[in-house]
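S.K.: Chains as they are written, first to last, in the working numbering: chain A, 1 to 252; chain B, 1 to 221. Built from N, CA and C at the ideal position, the CB exists for glycine as well.
(1) By alpha-carbon positions, which one of A:193, A:226, A:210, A:220 ends up nearest to residue 242 of chain A?
(2) Can you list, in chain order, the residues of its chain whose CB lies under 6 Å from that of residue 191 of chain B, leaving out five sequence neighbours each side?
(3) What are the residues that DSSP puts in a beta bridge with residue 198 of chain A?
(4) For residue 205 of chain B versus residue 182 of chain B, is the C-beta spacing smaller than 9 Å?
(5) How would you call residue 198 of chain A, buried or exposed, if buried means at least 16 neighbouring beta carbons within 10 angstroms?
(6) Compare the C-beta of residue 222 of chain A with all C-beta atoms of chain B and state if any pair is closer than 9 Å.
(7) Terminal residues of the continuous beta strand (DSSP E) containing residue 212 of chain A?
(8) Which partner residues of residue 248 of chain A appear in the DSSP bridge assignment?
(9) Using CA atoms only, rank isn't needed, just tell me which of A:40, A:204, A:245, A:167 is closest to residue 225 of chain A.
(10) Count the other CB atoms, across all protein chains shown, that sit within 10 Å of the CB of residue 118 of chain B; report buried if there are 16 or more and exposed otherwise.
(11) Check each candidate in A:153, A:171, A:13, A:248 and name the one with the smallest Cα separation from residue 36 of chain A.
(12) Using the beta-carbon count (16 or more within 10 Å), is residue 182 of chain A buried or exposed?
(13) Along the beta strand (DSSP E) that carries residue 263 of chain A, what are the first and last residues, could you check?
(14) Counting only beta-carbon separations shorter than 9 Å, does residue 212 of chain B have a partner in chain A?
(15) Under 9 Å between C-beta atoms, does residue 180 of chain B make it to chain A?
(16) Chain B beta carbons: is any one of them nearer than 9 Å to that of residue 186 of chain A?
(17) Counting C-beta neighbours from all protein chains within 10 Å, is the total for residue 1 of chain A 16 or more, i.e. buried, or is it exposed?
(18) Would you tell me roughly how many angstroms separate the C-alpha atoms of residue 149 of chain A and residue 171 of chain A, rounded to the nearest one?
(19) What residue from A:3, A:44, A:213, A:53 has the CA that sits closest to residue 32 of chain A's CA?
(20) How would you call residue 62 of chain A, buried or exposed, if buried means at least 16 neighbouring beta carbons within 10 angstroms?
(21) Which runs of the alpha helix (DSSP H) spanning at least 4 residues fall entirely within the region 29-103 of chain B, listed in chain order?
(22) If the cut is a Cβ gap below 9 Å, which residues of chain B does residue 19 of chain A touch?
(23) Which class does residue 204 of chain A belong to by DSSP, given the choice of helix, strand or coil?
(24) Between which two residues does the beta strand (DSSP E) harbouring residue 178 of chain A extend?
(25) Per DSSP, which residues does residue 211 of chain B bridge with? Please list them.
(26) Figure out for me which residue from A:158, A:5, A:102, A:20 has the closest Cα to the Cα of residue 222 of chain B.
(27) Could you give the first and the last residue of the continuous alpha helix (DSSP H) run that contains residue 29 of chain A?
(28) Is any beta-carbon of chain A found at less than 9 Å from that of residue 118 of chain B?
(29) Taking the beta carbon of residue 58 of chain A as the centre, do at least 16 other beta carbons fall within 10 Å, making it buried, or is it exposed?
(30) Hey, would you say the C-beta of residue 60 of chain B is under 8 Å away from at least one heavy atom of the ligand NAD?
(31) Given this structure, state the Cα-to-Cα distance separating residue 99 of chain B from residue 240 of chain A, to the nearest angstrom.
(32) Flag residue 66 of chain A as yes if its beta-carbon sits less than 9 Å from any beta-carbon of chain B, otherwise no.
(33) Pull the bridge partners of residue 189 of chain A from the DSSP assignment, please.
(34) For chain B, is any of its Cβ atoms less than 9 Å away from the one on residue 53 of chain A?
(35) Where residue 123 of chain B and residue 116 of chain B are concerned, what is the direct C-alpha to C-alpha distance, given to the nearest angstrom?
(36) When the cut-off is 9 Å and only beta carbons count, does residue 175 of chain B lie next to chain A?
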């Protein structure tokens, strides 16, 4: 094949559109071709203009706040390590330092986990739907194996949120939602656990006059690794496969 | 995609060569570090500071590029919450992998756009897989129509600014570039979507990129 043809493929590769055997062949060629490598880099520089051609949209400020919060633990750890080294200028062995770093990291991890659980407990507590809800949720959160999945409201319920708290060991869980619209008698909300492409029905619930709902899940199906949870609006009684609009969605 | 002896940015898997390549370009003989650009406010300089966990530099970098990344994410994903998540994920990756950025392998803008685009393509694929099971919607009323993600994607494209570089391309070339770059479709998928022979699609892509290169080049000059 003439090299000009490789360069033509390089254009499409740079665009991300090469597929099939052509992709495999091209990557084998690319491994030893600095010319194509450079060509792809130049193509991608030029293609970035497509992103700049779009009418600009300003992201909401809370994204930056979340981002800075997310990276903050990663900053704290090295700062603590440096401070400690200043306190002991006479020298500490590398092993002791490593151990101290590990302890700090574990402490921080435990602290972050406790803080998260504490935050969730406060959120649960703020949902004043009665003592039963409080007791159930706090009992669940006190289990060290508990995990939390935040579900965001999609367009049919943009102001809605949900927390799915579940225990991978016991497979039990509870779903707490807020802001979902009251469903009509012929409809019901349905919670789905999603393993890859496969949605598994978990349970149904109705939203009545109270703004908050609680759904207890006795046991999630065994043998599946769930990576998403979602809530859809379905015909009364629920359905084995989702048919209605998705209102809440969260990634594990 | 199979890796073949080198790490390389891969728009299908979301891996980035920048994340894998060291700053191994022109290093200072004494310090072993790549010299910083003269302008301390340059994006390259900011990334170098971010590599040293400088939060102020990270904040400045975010202010400079977040609109570009978010705009691209909104165009590709259509769902605001997903676009916000993607924006956050991109900058977390920047925070963690800034040390791997190599200025000789591309501009900061292209680096960020490539990270965002590759992650968005992954999300599109994931959403499309879910769309086969769910009637997923982010627009009130659409669910009642029973529309899938794929058909929705096809009709709700954010318009390209016509006086931009891309706006200077002929419609048939611009269309295939948009489908590939902004909708994450492969050449085969585009050929099926447009009911055109694969060879025609390839030719349009190459002509579009060639034309884009000329337009960008003339704008730079």
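M.R.: Taking the definition as stated:
(1) Of A:193, A:226, A:210, A:220, the residue nearest in Cα terms is A:193.
(2) The beta carbon of residue 191 of chain B sits closer than 6 Å to the beta carbons of 198, 201 from its chain, once the five residues preceding and following it are set aside; these are given in chain order.
(3) According to the DSSP secondary-structure assignment, residue 198 of chain A is paired through a beta bridge with A:195.
(4) The answer is no: Cβ separation not under 9 Å.
(5) When all chains shown are included, residue 198 of chain A counts as exposed.
(6) False, the Cβ-Cβ gap to chain B never drops below 9 Å.
(7) Under the DSSP assignment, residue 212 of chain A falls in the beta strand (DSSP E) whose first and last residues are 212-217.
(8) Paired residues: A:153, A:231.
(9) Residue 225 of chain A has its Cα closest to that of A:167, out of A:40, A:204, A:245, A:167.
(10) A buried status is given to residue 118 of chain B, since no fewer than 16 other beta-carbon atoms sit within 10 Å of its beta-carbon.
(11) Considering only alpha carbons, the answer is A:13.
(12) Exposed, by the Cβ-count rule.
(13) Not covered by the structure: residue 263 of chain A. The range shown for chain A is 1 to 252.
(14) For residue 212 of chain B, at least one C-beta of chain A is nearer than 9 Å to its own C-beta.
(15) Taking 9 Å as the CB threshold, residue 180 of chain B lines the interface with chain A.
(16) Not flagged as an interface residue toward chain B: residue 186 of chain A, since no C-beta distance is shorter than 9 Å.
(17) With fewer than 16 Cβ atoms within 10 Å of its Cβ, residue 1 of chain A is classed as exposed.
(18) A direct Cα-Cα distance of roughly 14 Å separates residue 149 of chain A from residue 171 of chain A.
(19) Considering only alpha carbons, the answer is A:3.
(20) The residue is exposed, with fewer than 16 neighbouring Cβ atoms inside 10 Å.
(21) The region 29-103 of chain B contains these whole alpha helix (DSSP H) runs: 43-51, 55-77, 80-97.
(22) Here the neighbours are 12, 186, 187, 188, 189.
(23) In the structure shown, residue 204 of chain A sits in a strand (DSSP, three-state: E or B).
(24) If you look at residue 178 of chain A, you'll find it in the beta strand (DSSP E) that goes 173-178.
(25) According to DSSP, which records beta bridges pairwise, residue 211 of chain B is partnered with nothing at all.
(26) Residue numbering for chain B in the displayed model covers 1 to 221; residue 222 of chain B lies beyond these limits and cannot be assessed.
(27) Boundaries of the alpha helix (DSSP H) around residue 29 of chain A: 20-30.
(28) Taking 9 Å as the CB threshold, residue 118 of chain B lines the interface with chain A.
(29) Counting of Cβ neighbours within 10 angstroms places residue 58 of chain A among the exposed residues, the total staying below 16.
(30) Inclusion of the ligand NAD in the displayed structure is not the case, the ligand content being empty and no account of it being possible.
(31) Going from the Cα of residue 99 of chain B to the Cα of residue 240 of chain A covers about 48 Å.
(32) Answer yes: the Cβ-Cβ gap between residue 66 of chain A and chain B drops below 9 Å somewhere.
(33) Partner(s): A:205, A:233.
(34) When Cβ-Cβ separations below 9 Å define contact, residue 53 of chain A makes contact with chain B.
(35) If you draw a straight line from the Cα of residue 123 of chain B to the Cα of residue 116 of chain B, it is about 11 Å long.
(36) Interface annotation, residue 175 of chain B: not in contact with chain A, CB-CB separation never under 9 Å.
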